[in-house]
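Undergrad: Okay, handing you the structure first.
2 protein chains.
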Amino acid sequence: MSAAEPSSTEQEIFEAALVAFAQHGRTGARMQQIADAAGINKSMLHYYFRTKADLYEAVFAHTMERFMASFDHEALHEANTFAELLRRFIDGYVAFCQSHTHAMRLLVSENLRGGPLLGQHLQQMADAGTDTPPRLFRDAIETAIETGEIRPVDPDHTLLTIIASCIFPFVARPTVERMHPPAGSDWAAFVEMRKEQIFDVVYHGLQPDSVSSSSSPA
Amino acid sequence: MSAAEPSSTEQEIFEAALVAFAQHGRTGARMQQIADAAGINKSMLHYYFRTKADLYEAVFAHTMERFMASFDHEALHEANTFAELLRRFIDGYVAFCQSHTHAMRLLVSENLRGGPLLGQHLQQMADAGTDTPPRLFRDAIETAIETGEIRPVDPDHTLLTIIASCIFPFVARPTVERMHPPAGSDWAAFVEMRKEQIFDVVYHGLQPDSVSSSSSPA
DNA sequence: GTCTATATCTCGATAGAC
DNA sequence: GTCTATCGAGATATAGAC
Numbered sequence: 662m663s664a665a666e667p668s669s670t671e672q673e674i675f676e677a678a679l680v681a682f683a684q685h686g687r688t689g690a691r692m693q694q695i696a697d698a699a700g701i702n703k704s705m706l707h708y709y710f711r712t713k714a715d716l717y718e719a720v721f722a723h724t725m726e727r728f729m730a731s732f733d734h735e736a737l738h739e740a741n742t743f744a745e746l747l748r749r750f751i752d753g754y755v756a757f758c759q760s761h762t763h764a765m766r767l768l769v770s771e772n773l774r775g776g777p778l779l780g781q782h783l784q785q786m787a788d789a790g791t792d793t794p795p796r797l798f799r800d801a802i803e804t805a806i807e808t809g810e811i812r813p814v815d816p817d818h819t820l821l822t823i824i825a826s827c828i829f830p831f832v833a834r835p836t837v838e839r840m841h842p843p844a845g846s847d848w849a850a851f852v853e854m855r856k857e858q859i860f861d862v863v864y865h866g867l868q869p870d871s872v873s874s875s876s877s878p879a
Numbered sequence: 662m663s664a665a666e667p668s669s670t671e672q673e674i675f676e677a678a679l680v681a682f683a684q685h686g687r688t689g690a691r692m693q694q695i696a697d698a699a700g701i702n703k704s705m706l707h708y709y710f711r712t713k714a715d716l717y718e719a720v721f722a723h724t725m726e727r728f729m730a731s732f733d734h735e736a737l738h739e740a741n742t743f744a745e746l747l748r749r750f751i752d753g754y755v756a757f758c759q760s761h762t763h764a765m766r767l768l769v770s771e772n773l774r775g776g777p778l779l780g781q782h783l784q785q786m787a788d789a790g791t792d793t794p795p796r797l798f799r800d801a802i803e804t805a806i807e808t809g810e811i812r813p814v815d816p817d818h819t820l821l822t823i824i825a826s827c828i829f830p831f832v833a834r835p836t837v838e839r840m841h842p843p844a845g846s847d848w849a850a851f852v853e854m855r856k857e858q859i860f861d862v863v864y865h866g867l868q869p870d871s872v873s874s875s876s877s878p879a
């Protein structure tokens with residue numbers, strides 16, 4: 662129903678364009694550069710996608726779809742405790758940033774230029790109800806507060822803090838690699854550590870104030 | 662010793678160029694657009710800065726300098742407890758993002774394109790010893806761990822989490838405003854709330870494990 | 001220092017052969 | 001569907017009057 666399976670060259674173009682747009686933005690990317698990276702002639706770009714603007718919008722739309730599809734919804738539903746859910750959410754988000762780094766950078770780039778294309782896509786995500794991972798997790802925070810499983814915190818700000826912690830290292834990777842040597846020498850290992858560390862700080866940060874915990878108080 | 666006081670028009674150019682480069686990146690920004698925003702003729706850009714590349718590098722270098730200068734070092738040294746230091750660091754960082762939003766976005770943009778210009782500037786910051794706010798705060802975390810004031814956490818990851826939480830909302834502002842209505846209607850109020858919320862989660866997240874605290878254990 | 005006019009060149013887009 | 005060749009717009013950069 663949605664888009665039919667794209668051809669091989671079309672896939673190459675998508676990937677090349679995604680990288681270029683993520684790096685240099687919508688206007689900064691060069692068609693020649695994209696064609697070279699895709700291993701095709703520049704004319705082919707205009708054959709598949711008429712204009713640069715069309716190509717950008719197609720890549721952006723495709724990226725937003727992948728952003729949703731790639732997240733493991735099931736894993737979130739299977740969590741029993743809030744701690745488990747928090748763990749899975751962080752792991753899932755960081756894993757997405759790892760495997761779709763350029764897609765995520767494209768979203769940031771679109772934000773930097775004011776995000777005119779974000780409107781409709783975020784809207785259709787909102788129309789999907791509560792079944793989007795961030796929204797689902799946000800609601801889980803509220804529930805956990807009501808049950809006393811965690812401290813009463815602002816769900817939106819907490820969610821924002823977690824997402825920021827997951828995304829930022831991939832956006833500012835050159836800076837992070839220079840200020841944090843382990844990241845520079847073994848990025849994959851750093852990313853795994855990152856999952857642990859974000860969970861560690863946030864989990865402790867949400868613990869009830871040393872009273873009415875589930876286990877023994879001392 | 663450094664740069665002599667820049668002329669008025671030169672200042673206008675800097676500000677206009679900063680906004681343009683932050684929004685559209687180094688190659689995406691347009692000289693005409695910068696000239697218009699600065700209220701001057703396009704030729705003047707080439708009179709003051711010979712090429713677009715020169716202008717970009719000048720703006721970037723100037724931005725990095727401001728990044729350091731604008732942070733209130735004294736405020737950090739005046740803190741007595743770690744909690745106070747944490748508060749001041751977060752407040753200072755968010756305040757910087759608020760008052761120098763475009764400068765911060767330019768840094769992100771430079772990171773997105775691979776950050777070739779970051780090297781020398783970050784190096785000269787590193788050469789400045791421990792007197793840079795992030796470095797200073799990182800060391801404070803280590804000290805606080807040794808004194809038992811906070812839990813044993815990874816200082817670098819903790820620092821990264823805090824910085825990410827402070828910066829990210831300003832980078833992804835269009836998205837944040839759409840997903841978090843209060844941010845859309847009153848950004849300044851949202852920013853103030855943000856300071857509180859980041860401190861709240863991180864402070865609790867660093868508390869010792871309900872044992873050997875300064876106050877009574879219960 | 002500031003402007004107008006123009007040169008030069010890069011890039012997006014098209015035409016047309018195969 | 002893919003290529004070569006090229007057009008034309010738009011962008012950077014310069015020349016030169018004031």
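As they're listed, the protein sequences go chains H and Y. Each residue of the first sequence is one higher than the last, beginning at 662 in our numbering. Each residue of the second sequence is one higher than the last, beginning at 662 in our numbering. Yeah, the Cβ is synthetic: ideal placement off N, Cα and C, and Gly gets one too.
1) Does any CB atom of chain H fall closer than 8 angstroms to the CB of G700/Y?
2) Could you say which of D697/H, P842/H, A787/H, A744/H lies nearest to K841/Y if we only look at CA atoms?
3) For the structure I just gave you, are there three or more beta carbon pairs, one from the region 856 to 866 of chain Y and one from the region 803 to 820 of chain H, closer than 8 angstroms?
4) Helix, strand or coil for D870/H? Go by DSSP, reduced to three states.
5) Apart from the five residues on each side of it in sequence, which residues of its chain come closer than 7 angstroms, Cβ to Cβ, to Y754/H?
6) How big is the Cα-Cα spacing for H865/H and Y708/Y?
7) Give the residues from the region 735 to 763 of chain Y that approach chain H closer than 8 angstroms (Cβ to any Cβ), ordered along the chain.
8) Do you know whose CA, among R727/H, L779/H, Q785/H, lies nearest S760/H's CA?
9) Quick check on the DSSP output: what are the complete alpha helix (DSSP H) runs of length 4 or more inside the region 742 to 786 of chain H, in order along the chain?
10) Determine contact between the region 693 to 701 of chain Y and the region 779 to 799 of chain H, defined as no fewer than three beta-carbon pairs at a distance below 8 angstroms.
11) Report buried or exposed for E903/H, applying the criterion of at least 16 other Cβ atoms within 10 angstroms of its Cβ.
12) So, is H763/H buried or exposed, given that buried needs 16 or more other C-beta atoms within 10 angstroms?
13) Which first and last residues belong to the alpha helix (DSSP H) in which S669/Y is found?
14) Whose C-alpha, out of T670/Y, A690/Y, P843/Y, F829/Y, is nearest the C-alpha of F757/Y?
15) Within the present structure, is the beta-carbon of E803/H separated from the nearest heavy atom of the ligand GDP by less than 7 angstroms?
16) Go ahead and pull the three-state DSSP assignment for F710/Y.
17) What residues from chain Y crowd round I811/H, counting only those whose CB sits closer than 9 angstroms?
18) To the nearest angstrom, how far is it from the Cα of S669/Y to the Cα of A681/Y?
19) Could you pull the start and end residues of the alpha helix (DSSP H) that V837/H belongs to?
20) Let me know if N772/H comes out buried or exposed under the rule of 16 or more other beta-carbons within 10 Å of its beta-carbon.
21) Take A801/H and list the residues in its own chain whose beta-carbon comes closer than 6 angstroms to its own, dropping the five residues that flank it on each side.
22) Look at the alpha carbon of Q684/Y and the alpha carbon of E810/H, and state the distance between them as a whole number of angstroms.
23) What are the boundary residues of the alpha helix (DSSP H) that P813/Y is part of?
24) I need the boundaries of the alpha helix (DSSP H) containing D733/Y, first residue and last residue.
25) Return the residues of the region 768 to 788 of chain H that lie within a Cβ-Cβ distance of less than 7 angstroms from chain Y, sorted by chain order.
26) Is there at least one Cβ from chain H nearer than 8 angstroms to A677/Y's Cβ?
TA: Checking against the coordinates, here is how it stands:
1) no
2) The amino acid occupying residue 841/Y in the given sequence is His; Lys does not appear at that position. Closest by alpha carbon: A787/H.
3) yes
4) coil
5) I824, C827
6) 57 angstroms
7) none
8) R727/H
9) 743 to 760, 762 to 773
10) no
11) Nothing about residue 903/H can be reported from this structure: the residues present for chain H run from 662 to 879 only.
12) buried
13) 669 to 689
14) F829/Y
15) Although the ligand GDP was asked about, the structure shown includes no ligands whatsoever.
16) coil
17) None at all; the shortest Cβ gap to chain Y is about 10 angstroms.
18) 19 angstroms
19) 834 to 840
20) buried
21) L746
22) 42 angstroms
23) Segment: none, P813/Y is in no alpha helix (DSSP H) and carries neither H nor E.
24) Unbroken run through D733/Y: none, as it is neither H nor E.
25) V769, S770, N772, L773, R774, G775, G776, L779, L783
26) no
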